[in-house]
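Structure first, then comments.
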Amino acid sequence: MKKLIANKEDTEQVFQIIEALNGKSAYRDFEKFIATPAGQAEFAKRTYLPPILDNHAPLHDLPEGSVGRTYVEFMEREGLSAAGLVAESEKRPGVLRAHDDDLLWYGNRLRDTHDMYHILTGYGRDALDEATLLGFTHSQHGGLGISFICFMGGRQIAKRAPKEADIPAVIKEGRRNGKLARRLIEQDIEALLPRPLDEVREELNIKPPVAYYRAHEVMRAHGLDPYSGGL
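With my numbering applied, the sequence shown has no gaps in its numbers, which climb one by one up to 239 at the end.
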């Protein structure tokens, strides 16, 4: 956790913490997924998303404001790739990767949809965004490791943010929005790509992050750049 606090881009530490603390939450989450018709439909296809999401040309051809176009612009702006996240996750042997089975496929899907969650929820990639998105993710999937990173991230940010930014309220809002939204992991990601982002958010009941936007406004009013520094 100290390493992640020092460098929020050190994604390997995220996987370390999650694996150390999540216990059997992945099993329970997979059972919840496979018990739904939507989950069964996605499992039957077993789509591997990274090659699709890293094929940028077709995504650029999609209409402005679509899920796919917004996604590719975000990834290029941030210098990210789906393949890069795969590489980070495979730097160390993991419990799920010990067996090439259904649960491994699900774990990979959780990993490969992380950046799509950024697009669908409206959270960017500053430290507050990442912490709040993990709160959203915890409400959708559980896992003590995810909740711990969310808590510690919010705690560190609150130390340097103006009190009026109300960081605890931002984190709480992310968790609440995750509970209210339909399970994003069960959605047909390929089918969402050409659709208008606003329409998809409304359909999935993803509420706007009002407290988060307000916190950014407060930070800027105090001369702070929300996108600078680590946790």
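Beta carbons: idealized from backbone N, C-alpha and C, even for Gly.
Could you tell me which residues DSSP pairs with residue i in its beta bridges?
i	result
S74	P204
For residue i, which of helix, strand or coil comes out of DSSP?
i	result
M124	helix
G231	coil
G238	Any reading at G238 must be qualified, since the residue scores a pLDDT of 40, below 50, and its modelled position is unreliable; the value itself is stated next. Coil, per DSSP.
D110	helix
T55	coil
N15	coil
R119	helix
I214	coil
G151	coil
G182	helix
K40	helix
E98	coil
E225	helix
Is the distance from the Cβ of residue i to the Cβ of residue j below 8 Å?
i	j	result
L212	R183	no
T19	E84	no
F144	G186	yes
Y220	E181	yes
L188	K167	no
H29	L111	Note that residue 29 is Leu in the sequence shown, not His. No, the pair does not count as a contact, with Cβ atoms beyond the cut-off.
L136	I157	no
T78	I25	no
L118	H146	no
Can you grab the Cα-Cα spacing for the pair residue i / residue j, in whole Å?
i	j	result
M227	Y131	16 Å
D108	L61	23 Å
P66	T121	18 Å
R36	I165	31 Å
Q21	E27	10 Å
L192	H68	23 Å
P72	L88	Note on identity: in this sequence residue 72 is Glu, with Pro being the wrong assignment. Rounded to whole angstroms, E72 to L88 spans 20 Å at the Cα level.
I179	T140	5 Å
E172	A90	36 Å
G231	P204	34 Å
S155	E198	28 Å
A169	D233	10 Å
A34	F23	13 Å
So residue i and residue j are supposed to be a Cβ contact under 8 Å. How far apart are they, rounded?
i	j	result
A223	I175	7 Å
V94	P58	6 Å
T129	P217	7 Å
D134	Y235	4 Å
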